[in-house]
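S.K.: Numbering (my numbering), first residue to last: 1 to 560. By construction, the Cβ of each residue, glycine as well, lies at the ideal position given by its N, Cα and C atoms. I'd like to ask some things about the structure below.
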């Protein structure tokens with residue numbers, strides 16, 4: 001993939017293939033349905049390829065804590081006091097060596113169904129990413145499907161010690177776990193909750209809460225894993241000998257790499273020591289040198305360390321680019337295109353090619369939701385910037401390309417402008433594209449079809465552009481009537497030159513003549529001036545300036 005810009009499509013199999021439209025809040029799997037691995041058919045994958053996607057991130061593929069009863073298959077039922085929602089969080093892993101039984105047509109053959117999906121994906125020349133959740137596991141963690149030689153987390157711990165470099169977990173000795181108080185209201189799953197969960201002594205909670213009773217807004221359904229950092233003594237590090245968790249995690253990553261997985265999106269990567277990543281990533285890449293590791297990271301101060309020492313291929317560009325673009329999309333009073341400039345000139349200068357850009361994912365609000373922009377089209381200039389600013393990957397979240405709104409109180413997810421990851425649910429706009437499993441978009445309305453076509457064309461331009469993949473970047477100074485809601489830059493290589501102009505202003509048309517510096521004009525001979533997003537040849541005379549006229553909330557990618 002080094003000769004191609006990476007385009008990642010994130011989807012939850014539980015939601016992606018679900019044709020059920022009941023959408024009963026806190027509904028069971030029988031009421032609301034669940035997508036399966038088998039629903040991600042060749043036709044579905046062809047639909048992703050139409051968007052010029054080349055990696056698919058199957059979110060929630062691993063077995064996680066849930067309230068659905070699979071005891072008939074030898075899986076213990078989880079306790080409702082330590083599960084979020086009825087379907088459960090994909091980030092509270094119950095068994096690292098298993099896939100989620102919800103996603104199987106035949107539960108006994110769930111791993112074979114996952115393996116078949118990997119094969120199907122590869123046959124379409126697409127790569128597979130899954131989640132790796134290194135910082136915490138479900139309180140009910142028990143590896144039923146582990147290979148014979150694997151020792152379970154905590155099986156050999158000395159539970160009398162709050163911290164030991166040999167332990168897998170952190171403990172609160174002498175105190176049993178207490179279920180958090182303050183559940184906001186009665187819900188349909190309250191009848192399953194008795195306010196008790198047996199764990200003695202209590203283990204520390206995933207978001208570094210070292211107390212027997214976490215709060216309701218903590219990650220109370222998870223247990224923190226011990227990478228040899230003693231949080232009780234100023235984060236003293238005990239990395240020699242190598243902590244047992246490191247070895248267990250290397251074995252887990254190797255297990256999935258050997259199943260043909262092509263990449264790992266590493267949850268909350270900053271909560272795990274850089275030394276671990278430095279140690280583990282090269283070893284796992286020995287299985288497949290083309291594996292990619294993407295770190296979920298939110299502290300720009302340490303990005304460089306996680307890339308250089310931690311050996312990550314890519315990190316989330318959330319705090320820089322996403323946050324700045326969100327303000328522009330929402331037309332907030334303090335929105336300013338200076339935020340875009342700051343990202344590539346300062347914050348990630350020298351390593352911008354290793355930043356993953358996106359406008360939606362499972363953690364963020366849907367663009368078309370009432371709480372974000374209310375209309376998917378308002379984000380198109382931001383999507384153009386996200387896709388063309390750097391050589392690094394760009395990501396879509398399923399339903400984004402058809403304007404999914406994330407409406408409704410699904411259950412634990414609440415009415416929060418997001419598509420729930422905790423509940424069984426149907427995703428309406430996506431279901432219109434899915435069209436009962438035909439994946440032909442026949443039920444999309446005109447606006448949705450236009451939106452999807454725009455994404456298709458933009459990502460075609462991006463993936464086929466030498467200037468985007470191999471070129472340099474030049475910041476166009478403000479000119480004409482450009483204000484702080486208007487931005488332009490040039491991407492150029494020996495094979496191609498692109499002028500990218502984005503107008504976030506809700507009211508004003510951007511009118512300017514963009515002067516092209518001599519050093520860029522010298523790089524290659526001129527091409528016929530064309531707007532690549534529409535294919536329209538622009539009738540612009542040869543010269544050093546390109547006149548542009550960009551309507552409110554729109555963008556152009558001009559080859560010249």
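When you compare the region 397-408 with the region 333-353, are there three or more beta-carbon pairs, one atom per stretch, that lie closer than 8 Å?
M.R.: Touching, no, given that fewer than three Cβ pairs across the two stretches are closer than 8 Å.
S.K.: Can you tell me which of 324, 135, 300 and 142 puts its alpha carbon nearest to the alpha carbon of residue 277?
M.R.: Among 324, 135, 300 and 142, the Cα nearest to that of residue 277 belongs to 135.
S.K.: Check this for me: beta carbons of residue 122 and residue 260, under 8 Å apart or not?
M.R.: Yes, Cβ-Cβ distance for residue 122 and residue 260 is below 8 Å.
S.K.: From residue 57 to residue 336, what does the alpha carbon distance come to, in whole angstroms?
M.R.: Each residue's alpha carbon lies about 32 Å from the other.
S.K.: What first and last residue would you give for the beta strand (DSSP E) that runs through residue 482?
M.R.: That residue, residue 482, is in no beta strand (DSSP E); it is neither H nor E in DSSP.
S.K.: Just reading off the alpha helix (DSSP H) that residue 139 is part of, what are its end residues?
M.R.: Counting along the chain, residue 139 falls outside any alpha helix (DSSP H), and DSSP gives it neither H nor E.
S.K.: Nearest-angstrom Cα distance between residue 390 and residue 68?
M.R.: Approximately 43 Å between the Cα atoms of the pair.
S.K.: Going by beta carbon distance, what residues of the same chain come within less than 6 Å of residue 1, once the five residues before and after it are set aside?
M.R.: Summary for residue 1: the model assigns pLDDT 49, below 50, so the residue's position carries little reliability, and this model does not support an answer.
S.K.: With a 10 Å radius around its C-beta and 16 neighbouring C-beta atoms as the bar for buried, classify residue 450 as buried or exposed.
M.R.: Exposed is the call here.
S.K.: Between residue 297 and residue 270, what straight-line distance do the alpha-carbon atoms span, to the nearest angstrom?
M.R.: Residue 297 and residue 270: Cα-Cα distance of roughly 6 Å.
S.K.: Could you tell me which uninterrupted beta strand (DSSP E) segments, each at least 3 residues in length, are contained entirely in the region 349-417, listed from first to last along the chain?
M.R.: Qualifying beta strand (DSSP E) stretches, in chain order: 355-358 and 394-397.
S.K.: Please state the DSSP three-state secondary structure of residue 1.
M.R.: With a pLDDT of only 49 at residue 1, under the threshold of 50, the placement of this residue in the model should not be trusted, and no figure is reported.
S.K.: Let me make sure I understand the geometry here. Which of 314, 141, 453 and 168 has the alpha-carbon closest to that of residue 8?
M.R.: That would be 314, whose Cα lies nearest to the Cα of residue 8.
S.K.: Can you tell me the Cα-Cα spacing of residue 138 and residue 490, whole angstroms?
M.R.: C-alpha separation (whole angstroms): 47 Å.
S.K.: Could you give the first and the last residue of the continuous beta strand (DSSP E) run that contains residue 513?
M.R.: Residues 510-515.
S.K.: Buried or exposed: which applies to residue 262, given that a residue is buried once 16 or more other Cβ atoms fall within 10 Å of its Cβ?
M.R.: Counting Cβ neighbours within 10 Å, residue 262 comes out buried, since at least 16 surround it.
S.K.: Determine the DSSP secondary structure at residue 556, reduced to helix, strand or coil.
M.R.: Of the three classes helix, strand and coil, the one that applies to residue 556 here is strand, per DSSP.
S.K.: The beta strand (DSSP E) spanning residue 488 covers which residue range?
M.R.: That run of the beta strand (DSSP E) goes 486-492.
S.K.: For residue 224 and residue 204, which I take to be in contact (beta-carbon distance under 8 Å), what is that distance rounded to the nearest angstrom?
M.R.: Sure, about 4 Å apart at Cβ, within 8 Å.
S.K.: Which residue's Cα is closest to the Cα of residue 420: 480, 387, 363 and 430?
M.R.: The shortest Cα separation from residue 420 among 480, 387, 363 and 430 belongs to 363.
S.K.: Evaluate contact between the region 87-94 and the region 496-505, counting only Cβ atoms and requiring at least three cross-stretch pairs below 8 Å.
M.R.: With a cut-off of 8 Å, the region 496-505 and the region 87-94 do not count as touching, because too few Cβ pairs lie within range.
S.K.: Please report whether the beta-carbon of residue 288 lies at a distance below 8 Å from any beta-carbon of chain D.
M.R.: Looking at the structure shown, chain D is missing, and only one protein chain is on hand.
S.K.: Going by CA-CA distance only, name the one from 112, 484 and 183 that's closest to residue 215.
M.R.: Among 112, 484 and 183, the Cα nearest to that of residue 215 is on 183.
S.K.: Among 175, 159, 452 and 388, whose alpha-carbon lies nearest the alpha-carbon of residue 168?
M.R.: Among 175, 159, 452 and 388, the Cα nearest to that of residue 168 is on 159.
S.K.: On the three-state DSSP scale, how would you describe residue 295?
M.R.: In this structure, residue 295 counts as strand in the three-state DSSP scheme.
S.K.: At what residues does the alpha helix (DSSP H) containing residue 431 begin and finish?
M.R.: Unbroken alpha helix (DSSP H) run through residue 431: 428-434.
S.K.: By the three-class DSSP mapping on this structure, what secondary structure does residue 537 have?
M.R.: Note: residue 537 maps to strand in three-state DSSP.
S.K.: Rounding to the nearest angstrom, what Cα-Cα distance links residue 279 and residue 465 in this structure?
M.R.: So the two alpha carbons sit approximately 35 Å from each other.
S.K.: Based on DSSP bridge pairs, tell me the residues matched to residue 503.
M.R.: DSSP lists 486 and 554 as partners of residue 503.
S.K.: Tell me which residue opens and which closes the alpha helix (DSSP H) that residue 163 is part of.
M.R.: Here residue 163 belongs to no alpha helix (DSSP H), and DSSP marks it neither H nor E.
S.K.: Taking its Cβ as the centre, do 16 or more other Cβ atoms sit within 10 Å of residue 387, making it buried, or is it exposed?
M.R.: Flag for residue 387 reads buried.
S.K.: Output the distance between the C-alpha atoms of residue 98 and residue 462, rounded to the nearest integer angstrom.
M.R.: In a straight line, the C-alpha of residue 98 is about 36 Å away from that of residue 462.
S.K.: Output the boundary residues of the beta strand (DSSP E) element that contains residue 186.
M.R.: That residue, residue 186, is in no beta strand (DSSP E); it is neither H nor E in DSSP.
S.K.: So who's on the other strand from residue 128, going by DSSP bridges?
M.R.: 56.
S.K.: Could you tell me the alpha carbon to alpha carbon distance between residue 531 and residue 3, rounded to whole angstroms?
M.R.: Taking the straight line from one Cα to the other gives about 24 Å.
S.K.: Leaving out five residues before and five after residue 230 in sequence, what residues of the same chain have Cβ atoms less than 6 Å from its Cβ?
M.R.: For residue 230, where only same-chain residues beyond five positions count, the Cβ hits under 6 Å are 163 and 236.
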